[in-house]
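Inspection log for the structure reproduced underneath, given as structure tokens.
Residue numbers (my numbering): 5 to 257.
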């Protein structure tokens, strides 16, 4: 009888371990990563793993994690929100790594004839006319980068009252794609996946903090595959996909 109970306990433990291992890795990621990460996830599935994604502004998903949302991996579009979680001990600090960088782009609808040279004092307010500049909100990384660039170029005061602020960078992209805004500021990679917009120009990298996408395992995660998926995102197969979508892959340290 004892032997049967022992066998039953071993089988139950084995089944529980298998179930835990089979659970999908839940990834909370910046909205600008959607196209690339969806493809990374599909490629990862071919190796027998499974990942599911929740995309939103880095600020929004960081606060969701802070409030206890069940995430295994967090990928931000800037360092500030990763630091925010690290200070609250909500990520496993030793797993943090910087994956990617990006460029900031000024965009217009694909059929727009507007032409602007991105430089100090550029007449962006005049180019907007009666329209509004589509940007992500002030606590969203893309919105912070946009404000920094426009301030460095001396044109922030001229457009700060003419903003169409969006909850994340992909929503700002759609404002321009739908023709609701004559100009917008998004990442270069966002513009490249939306045929209804065109890039007017790229902002000089020295006008804003460096765009960095850090990733880390969430401290509350109990999924044994969280670190495995994080490592996969840092590998050569994922790197090829990120480059395909226009990201620059940072060297591993």
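The C-beta atom is built at its ideal place from N, Cα and C for all residues, glycine as well. In this text the structure is predicted, and so the values were computed from the model without any measurement.
Given a cut-off of 7 Å, decide if residue j and residue i are closer than it, judged by their beta-carbon atoms.
i           : j           : result
residue 233 : residue 104 : no
residue 35  : residue 173 : yes
residue 89  : residue 66  : yes
residue 153 : residue 226 : no
residue 56  : residue 218 : no
Can you grab the Cα-Cα spacing for the pair residue i / residue j, in whole Å?
i           : j           : result
residue 220 : residue 86  : 8 Å
residue 175 : residue 193 : 14 Å
residue 242 : residue 134 : 43 Å
residue 246 : residue 159 : 32 Å
residue 244 : residue 228 : 25 Å
residue 10  : residue 49  : Note on residue 10: pLDDT 44, under 50, position unreliable in the model; the coordinate value appears next. Going from the Cα of residue 10 to the Cα of residue 49 covers about 35 Å.
residue 70  : residue 166 : 33 Å
residue 43  : residue 120 : 34 Å
residue 96  : residue 183 : 42 Å
residue 127 : residue 236 : 44 Å
residue 231 : residue 157 : 41 Å
residue 185 : residue 72  : 36 Å
residue 249 : residue 130 : 32 Å
residue 195 : residue 202 : 7 Å
residue 45  : residue 33  : 12 Å
residue 213 : residue 149 : 7 Å
residue 37  : residue 238 : 14 Å
What does the Cβ neighbour count give for residue i, buried or exposed, with the cut at 16 atoms within 10 Å?
i           : result
residue 117 : exposed
residue 206 : exposed
residue 113 : buried
residue 136 : buried
residue 240 : exposed
residue 161 : exposed
residue 255 : exposed
residue 151 : buried
residue 22  : Residue confidence for residue 22 is low, a pLDDT of 47 falling below 50, so the modelled location carries little weight; the figure read from the coordinates is stated next. Residue 22 comes out exposed.
Assuming residue i and residue j are in contact, meaning their beta carbons sit under 8 Å apart, how far apart are those beta carbons, in whole angstroms?
i           : j           : result
residue 29  : residue 84  : Not quite, the Cβ-Cβ distance comes to about 24 Å (not below 8 Å), so this is no contact.
residue 139 : residue 62  : With a Cβ gap of about 15 Å, residue 139 and residue 62 do not count as contacting.
residue 170 : residue 198 : Residue 170 to residue 198, Cβ: 14 Å. No contact.
residue 110 : residue 187 : 6 Å
residue 177 : residue 190 : 5 Å
residue 222 : residue 59  : In fact, because the Cβ distance is near 16 Å, the residues do not count as touching under 8 Å.
Q) Can you give, in chain order, each stretch of the alpha helix (DSSP H) that sits fully within the stretch 56-97 and has at least 4 residues? A) Qualifying alpha helix (DSSP H) stretches, in chain order: 62-70, 83-91.
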